[in-house]
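Reading through the structure tokens given below for one structure.
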Amino acid sequence: MNKEIRNMAASVKDRLLRIAKFNKVDYTRILQRYAQERFLYRLSVSNFRSNLVLKGAMMFLAYGLPDLRPTKDIDFLGIAISNEPDNIEMIIKQISSIPCNDGIIFNGENLKISIIKKDAEYNGVRVIIPWNIERTKGNLQLDIGFGDRIHNGPVEVSFPTLIDQIQPLIMVYSKETALAEKLQIIVSLNYETSRMKDFYDIYYLCSHSSFHLSNLRKAILETFENRGTSFQDIDTVLSTEFITNKEKQTQWEAFLVRSRLDNKLDFLKLMKKLKTFLVPLLKSSDDLVWNPKQWCWNRY
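When you read off a place in the sequence shown, starting at 1, and then add 2, the result is the number in the numbering used here.
Following this line, the structure appears as structure tokens:
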């Protein structure tokens, strides 16, 4: 059995290396993506597939959106499970221990777990799981939040695989709620935010997805209300003062370099484009439809 596992692991590493070379992508990044993907597969065949709903950057891959920004973690919303660390540890250990003939081993017995705090409030749980493919080792980070609501979701989606393997069938956020949560974080932090990935992710969703204005507005209002933020506070981040803020431009440029994103859009142009998308959500009650190619709202 050990020989069979070693052969599978060697085969997997060889195929992943070829993928990295063909796409001119860092091999470590491909390995990390594979670890994320294979954990999602184990989740999909576990008893907890409905309790951990995928969100964040990995959700974009689930929807088949291209040119994903690199991400080191997997974000989940925990549903109908206790957020006590001991319970989360038990769940992740069970998922990690599911045997799969995919060459990767998750060492659930040596996982590390910590509480994620936001503004001194208990907000979620972070889990770090060691993994290995033969002698190649890494760590998988899971961030599990609680208490949020999903408008028109969760949605069942087949997650794409790097090599020819069974695709994980998992539960994911609706695009509307994913965008709404990103926007809420930006609005609530306004000038204090350094999370340029939220701006990028909203722009990314707008660039590749169509939205019904009425449906998206409902998701935004529901998310803002649930998190105790007024949607009208968006005026601050749409103001000329914010859009032309030099610190934000510097943070944006640093984010693009750090994330290795080939995006020539500066922060000022980015915010002007986002303003075109966001302003009608404040003012219009019509059922408009977003056209990402034309970058405008059209009548339904």
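Glycine residues also receive a C-beta, built at the ideal position from the N, C-alpha and C atoms.
query	result
Under the three-state DSSP convention, the category V174 falls into	strand
Residue(s) in a DSSP beta bridge with C298	N293
Buried versus exposed, by CB contacts within 10 Å (16 or more), K295	exposed
Cut-off 8 Å between Cβ atoms - residues of its own chain near F50, not counting five sequence neighbours on either side	I83, I93, Q96, I97
Three CB pairs or more closer than 8 Å across the region 188-201 and the region 158-169	no
Euclidean distance between Cα positions of S13 and N112	26 Å
Residue environment, A64, which counts as buried when at least 16 other CB atoms sit within 10 Å	buried
Beta-carbon proximity list for L19, same chain, < 7 Å, skipping 5 on both sides	Y29
Beta-carbon proximity of F62 to L144, cut-off 8 Å	no
Residue range of the beta strand (DSSP E) that includes Q143	138-147
Span of the alpha helix (DSSP H), counted from its first residue to its last, around F41	29-46
Among I115, V27, K250, the one whose alpha carbon lies nearest that of N89	I115
Terminal residues of the beta strand (DSSP E) in which D237 lies	From DSSP, D237 is part of no beta strand (DSSP E) but of the alpha helix (DSSP H) over 236-239.
Contact test: W254 Cβ vs the ligand NAD heavy atom, cutoff 7 Å	By its list of ligands, the structure shown contains no ligand whatsoever, and the ligand NAD lies outside what it can speak to.
One or two residues paired with D75 in a DSSP bridge	Q143
Contact set for G147: own chain, Cβ-Cβ below 6 Å, skip 5 residues either direction	L79, G126
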